[in-house]
Structures are given as C-alpha cells and as structure tokens.
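J.: Before we start, here is the structure in question, set down as structure tokens.
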Amino acid sequence: MQMSTDPNPKRPKRRIQRNWHKFVAGLLSALFPGLGHIYLGLYIKGLTFIFLLLLDLTALFYFSSIGIQINIPLIILLSLVIPVIYFINIYDVLQLADWVLMKKRRSQAAGETNEDSSILRPGIGFMGWERGISFGMLLIFGGSLMVLFVQKPRWLELYLAQFGLYAVGAALVIAGLLLLNRELILSLSFKKRRMNKSVSSYLKIRIGRYTASILLMVVGILLIIDKVYQTEYVFSLINYWPFILVIWGIEFIIAFLLNQVLIPKAKRISHYRFRPDFKGILSASVLVCCIFIVTQQDHYAHLWNRVSLNLSAASLDYSEAADNQIEKETISIPVEMETGAVVVENVNGDIRINRGDVESIIVKTIAWVDQVEPVEAQAVADASKVNVQDGKTIQIATEPQGYGSESKRQPRMNMTITIPDDRRFDLQVITSNGSVYLDRPEAISSIHVESGNGKIYIHNAIGDVHAKTLNGNISVADVIGSAVLSTNRGDLRAEEVTGSADLTTLVGRIQASDIVGDITGSTRNGNITVNEPVAKLSIETLNGAVQVHSKQIGGDWDIYSAVGDILLVIPEAGDYEVSGSSTYGNLNVELPYTIENRMITGVSGTGEYKVHVEGNSDVTIQRSTIEDGTMGETTDTNRTNQMLQ
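In structure tokens:
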C-alpha cells in the first residue's frame, strides 16, 4: 500500500474550513455592515461599522425633514455614504479573513488562548482603534448627535443655520493643524534617528501630507471669512484648484532639499524614494469637494431648487382661500426680557407680521377649508393647531389637519402676528405655500424669510434681510441694512437700502434704486433696471435689456447682457474710465469717448473707477441730467405699485 507523502494530511480540510469561514464572513457583511467583523472576532471594528451606518441614517432622516431649508446636496452625499460603508465593510472583511484565521491557527498551535493572544497585526491601521479610547469617544460624540437628530430640537436647526459654517470651518482648520503637527513630529523624530544613525539605508519619503493639511486649513479659513464678511472666496476656489498641484510640487522640492541637498554626505540616506501620498491628497480633496457642494448649493440653485422643499410636502395638496372661513382663537404669547428671536413656520397660508401697541405677541389665525361641507370644515379647522413655545426664542408653528383623499389636502391657515412696538427680535419666517408680508420689522441683526410658493414684501425694516422664494416676486423697501433676495421665477425689487443688495432670479426682472452699498444682480431671462447706484455695481442678464441711471459713479461697474440692449445714463464729470464693446449691435455715445473696432473707451477725471460694459446688442451711453434722474424715479415708482398690486 502506497504511503502518503503529505506531511499534513489535514491541510485540505483546513483549507475548506478557511474558505467556509471567509464565505460566511463576507455573506454576513453583505447582509449588514459589521456582522462579518464580529463573526471573525473583530468586535470593536464591527460595531464601528454598525454605528457609522446608524449615525448616517439618523442624519439622513433629520436633514430630510427640517422644512424648506433642506440641503439637497447634503442629502445626496449622506445617501451615497451608505453604499460606501457597505463596500469598505465587505472589502475590509475579505482582506482580514485569511489573516485572522491564520493567526488563530498559529496561536492554537503555540498553545495560546484567544484571550492571551492578539489577533491584530503589529502594523495594522486599526490597532490604535481597537486598543485605545477612540471607539469610546466615537460612541459619546456620535451617540449625542443621534439623540439630537431623533429629538429634533428647534435650537439645533437654528444653530445649524446660523453657526453651521463656523463649525465646519473650525473643524477643517483643527483637522489640518492636527495633521500638520503629526507630520512635523514624525519629521523631527526621523531627523533625530538619522543623527543617531538608527535609520535604515532604504527610505520611502511620502510627499503630499503637508499639501493636504494646508488644503484643509485654507478651505476652513475661507469658510469662516465668507460667513463673517459675506464674501464668496470658497466659490472662487473652482477657478484656483490647480494651485494644489503647485503646492504639491513645492513640497516635493522642499523635501528633496531637506533630505539630500542640505544634509552632509556622511549622513545622507543611500537609498531613498519619494512616494506621492495619493491617499492623503485624495482624501482631503474629496472632503473639500463635498463641503464645496454642500455649502455652495445656492450657486447651482437651478439644478435642485425645485426639490429644495420638504420632501414630505411634495405630494401635499393645498386648500385655497375659498368656501369655508373659520377664525381660530387668538393666541397671546408673553415676551421675556431675554427673548431675542421669533421663528414662524407655516405649511399653507400667508404670514403677516406688523408692529403694534401691545405688550405680548398676538397671533390671529384664519383657517380656510375648501371643497367640503361646513360641518367637516369646522372639524378640520378645530383639529388644526397653532403650536407656540416661548422663551429666548419664541416659536410659532402651524399643525394643519389633513383632509380629503388620504388626508393629503392641507387647510389654508393665514396668520397675522403683531409684535410689541417697543421690542426688537431677529425674525425667521418660513411657509411652504403662501406669501409673507412684513411691515416695520425691527431685528437685532437679521431677518430671514423663505417661501416655497408666494411673494415676499418687506417694508421699513431694520436689520439685514435675507428673502428667498421659489415662485413669486420679492420687494423690499426702506431697509436699514443689507438685502439678499433670491427667486426662481419672479421679479425682484430693492429700494432705499442702506447696505449692499444681492439680487438673483432665473426668470424675472430686477429693479434696484437708491442702494447705498454694492449692488449685485443676475437673471437668466429678464430686464435689469438700476437707478442711482453709488458704489460697486455688478449686473448680468442672458436675455434682457439693461438700464442704469446715475448722477454719480462711486465704484467699479461691470455690466453684461448676452441678448438685449444696454443703456447707461451717467454724468460727464467724475473719476472713472469707460470700456465697452458690442459684438453685433450699434455703439451710441453722447459723451466725448472714442469708438474704434466696435469698442468704446474713455476717461473722465482721474479714472479711479472702472466702468466695463459688454453685450451683443446695441450699447448706448447718454449724459445724465437732473431731469433724467427724476424721470427714472417716477417710472420706478409706477413699476413698484404695479408689482405690489
């Protein structure tokens, strides 16, 4: 009988067992992240995957249910995190399965118990995670976030809206500083070991970690600056991203000089190789891109503003102000000395806020229930509530009772809110379907108004005004502060604003007059009229005419119209330089400027300010007179009355 030459006849059986354990681990990881790691004995790492998935899901549910302030790019990114966790989880468990099983067999062969032997490889990346306090810190911090996401406190939404960018910017700066500090410590440690000649003759030098640290810190600082000074430096990064390659190259040269050229020959490393740190650069770049997409979503409003309302409201049907009118009980809200903000939320209905001779905040609500009989309408109105919460931030929110087919139709609840005339509050007013009227609002710092479908009118306001609607006109007048207005379909008008004015619409006219600060206007389809700008002016339209009337020029002007005539009425005296061009239209100038090669050039006074005009249709520059200014003001007033009507 022939004897077997295999020194270990149980090897095929062990191979089958190993493959079986690997299959089971992969299958469990595919069913739910983390189960495969737990099956292999990597309990902390398995629990980490489970915890991260639960944290992502709670964040996804929270940010998709916070009203019309929902950030669609953030929702998309949070949704993409789920398949990413699944992929990393399966890939990681398959990579570790063979090694873990082999380690267990060797430990058993050596007579060691599982409790006394570590299944961790000495150089593996998660050794510190398994043995340190990082997992405990993750549970504390992440668990606290999950509690907040589930409870949905109102102050959290306010904090994210007002200080979210500060927190993200500070986190990026701190992360960059930590990475930079880590690399500096490693570099100093390497230098010390080289002085003691305890370094191997062969060395891999990673290039890119300093670049990644600098990238994180720069973006974090720019986020904070943009929030504080209302600038757009982060958005301008889209034009300067190649500087990452420049900084990467500078790091390469500095590393070469420090490790070879500036080191005496006796202490140089005989064999070294520069290795690009693609992992660090790629991770930092992906993180920055995600933050850019989330924080700069307003610049791409035409892509997802249509779905920026509450996702749960997409299938709702709204009652009109018809058929059954029911006046609800008047609510009186006491005002404390420390009260500094008022938040008003409505699902369907107009919101009117004015000031009056009252000591408390008075809320009057009229409910409209259409398409039903009076008895049912009364029941729907009685079941619809106005929830109130007092304190430092007074919260007023409607809770309508759905009716009709599948209870999707929402009654219309028009609210009239009277604020004490001797108090000032920051205002945040939100309605999914309805108009907003603010008469003489006085804020401590700012006024935020949003409507999914309806016009916004703000008059005699104190504080910085931020108004946004998806479908409707916006008009602000007599504002002591700045004004930021945005709509998808509707006209914008700003009149007598002491600060800057930023006006953006996709389809609609833009009218601005008597703005003390800088003026920025943009529309894709509509005319732009500006009367008496005194500072910087930057306006553009893709399809529409542009008219600017001014008796003085006190800042740089940049005017563009792709399809539409441009008319400038400017003073002959001043300190400015004019440059203009038209591709296909005529050039008409009343002032002593030069027209050559379809370009207009001219200088008045010292030429301190630059007036740049560019278009494809007729460009006309006329001399400004007092009569022109009066005519422009009369025309603007008539247009204002028409728009308000």
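If you read the sequence shown in this note's numbering, its first letter stands for residue 4, the second for the next number, and so on. All residues carry an ideal CB built from backbone N, CA and C; glycine is no exception.
(1) Measuring only the C-alpha atoms, how far is N589 from Q514?
(2) Can you tell me whether DSSP reads D658 as helix, strand or coil?
(3) Taking a contact to mean a Cβ-Cβ separation below 9 Å, would you say E254 touches T214 in this structure?
(4) Using only the alpha-carbon positions, how far apart do G49 and I477 sit?
(5) Go ahead and label F152 buried or exposed: buried means 16 or more other beta carbons lie within 10 angstroms of its beta carbon, across all protein chains shown.
(6) Under 9 Å between the Cβ atoms of N664 and G547?
(7) Give me the residue from I53, W158, R626 and S82 with the minimum Cα distance to G394.
(8) Within the continuous beta strand (DSSP E) that includes L488, where are the two ends?
(9) Restricting to Cα atoms, I'd like to know which of Q398, R358, N417 and I397 is closest to S387.
(10) Excluding the five sequence neighbours on either side, which residues of its own chain have a C-beta within less than 7 Å of the C-beta of G577, listed in chain order?
(11) Over the uninterrupted beta strand (DSSP E) stretch that includes A497, give me the two end residues.
(12) With H, G and I counted as helix, E and B as strand and the rest as coil, what does DSSP make of R278?
(13) Buried or exposed for I624, going by 16 or more other Cβ atoms inside 10 Å?
(14) Between which two residues does the beta strand (DSSP E) harbouring S516 extend?
(15) Using beta-carbon positions only, say whether V391 and D326 come within less than 9 Å of one another.
(16) Less than 8 Å between C-beta atoms, sequence neighbours within five positions excluded: which residues of the same chain meet that for L99?
(17) How about G484 and V500: do their beta carbons lie closer than 9 Å?
(18) Excluding five sequence neighbours on each side, which residues of the same chain lie with their C-beta closer than 8 Å to the C-beta of S322?
(19) Contact defined as beta carbons within less than 8 Å: I believe I569 pairs with G618. What is the distance between those atoms, to the nearest angstrom?
(20) Counting only the same chain and skipping the five closest in sequence on each side, list residues whose C-beta sits under 8 Å from that of L183.
(21) Look up N351 in the DSSP assignment and give the residues it is bridged to.
(22) Grouping DSSP H, G and I as helix and E and B as strand, with all else coil, what is G475?
(23) For the putative contact between I603 and S582, defined by C-beta atoms under 8 Å, what is the C-beta separation to the nearest angstrom?
(24) Within the present structure, is the beta-carbon of I397 separated from the nearest heavy atom of the ligand FMN by less than 8 Å?
(25) Checking the sheet assignment: what are the DSSP bridge partners for H552?
(26) Could I get the ranges of all uninterrupted beta strand (DSSP E) runs contained in the region 355–441, with 3 residues as the minimum, in chain order?
(27) Among residues of its own chain, excluding the 5 on either side of T368, which ones have a beta-carbon nearer than 6 Å to its beta-carbon?
T.: If we stick to the structure as given:
(1) Within the sequence shown, the letter at position 586 stands for residue 589. Within the sequence shown, the letter at position 511 stands for residue 514. For N589 and Q514, the distance between alpha carbons rounds to 25 Å.
(2) Because the chain in this structure spans residues 4 to 648, residue 658 falls outside the shown range and cannot be described.
(3) As a position in the sequence shown, residue 254 is number 251, starting the count at 1. As a position in the sequence shown, residue 214 is number 211, starting the count at 1. Yes, the pair counts as a contact, with Cβ atoms nearer than the cut-off.
(4) The residue you call residue 49 lines up with position 46 of the sequence shown. The residue you call residue 477 lines up with position 474 of the sequence shown. Cα to Cα, G49 sits roughly 53 Å from I477.
(5) The residue labelled residue 152 in the question sits at position 149 within the sequence shown. Buried.
(6) With the chain covering only 4 through 648, there is no way to say anything about residue 664.
(7) Numbered from its first residue, the sequence shown carries residue 394 at position 391. Answer by Cα proximity: W158.
(8) Position 485 of the sequence shown, counted from the first residue, corresponds to residue 488. Segment A486 to R492, the beta strand (DSSP E) holding L488.
(9) Within the sequence shown, residue 387 is the residue found at index 384, counting from 1. Here the closest residue by C-alpha is N417.
(10) In the sequence shown, residue 577 corresponds to position 574, counting from 1. These residues qualify, in order along the chain: Q555, I556, S607 and G608.
(11) Here residue 497 refers to the residue found at position 494 when the sequence shown is read from its first residue. From DSSP, the beta strand (DSSP E) with A497 extends over L495 to V500.
(12) Counting from 1 along the sequence shown, the entry for residue 278 is found at position 275. DSSP places R278 in strand when its eight states are reduced to three.
(13) Within the sequence shown, numbered from 1, the residue matching residue 624 stands at position 621. Buried is the call here.
(14) Numbered from 1 along the sequence shown, position 513 holds the residue referred to as residue 516. Start and end: I513 to I518.
(15) The residue given as residue 391 occupies position 388 in the sequence shown. The residue given as residue 326 occupies position 323 in the sequence shown. No, the pair does not count as a contact, with Cβ atoms beyond the cut-off.
(16) Translated into the one-based positions of the sequence shown, residue 99 becomes position 96. Contacts found: H40, L43 and L45.
(17) Here the question's residue 484 lines up with position 481 in the sequence shown. Here the question's residue 500 lines up with position 497 in the sequence shown. A contact, by the Cβ cut-off of 9 Å.
(18) To locate residue 322, count along the sequence shown from 1; it is residue 319. These residues qualify, in order along the chain: N351, W371, V372, D373, Q374, R412, Q413, P414 and R415.
(19) Along the sequence shown, one-based indexing puts residue 569 at 566. Along the sequence shown, one-based indexing puts residue 618 at 615. About 5 Å separates the two Cβ atoms, so the contact holds.
(20) Taking the sequence shown and counting its residues from 1, the one referred to as residue 183 is at position 180. Answer for L183: Y213, S216, I217 and M220, listed in chain order.
(21) One-based indexing of the sequence shown puts residue 351 at position 348. Per DSSP, N436.
(22) The sequence position of residue 475 within the sequence shown is 472, counting from 1. Correct three-state label for G475: coil.
(23) In the sequence shown, residue 603 corresponds to position 600, counting from 1. In the sequence shown, residue 582 corresponds to position 579, counting from 1. So it is a contact: roughly 7 Å between Cβ atoms.
(24) What this structure holds is no ligand at all, so the ligand FMN is not there to describe.
(25) On the sequence shown, position 549 is the one that residue 552 refers to. BP columns for H552 point to N534 and V572.
(26) 364–372, 388–392, 396–402, 415–423 and 429–436
(27) As a first step, residue 368 is located in the sequence shown; it is residue number 365 there, counting from the start. If we look at T368 and ignore the five residues flanking it on each side, its Cβ neighbours are K331, V389, M416 and M418.
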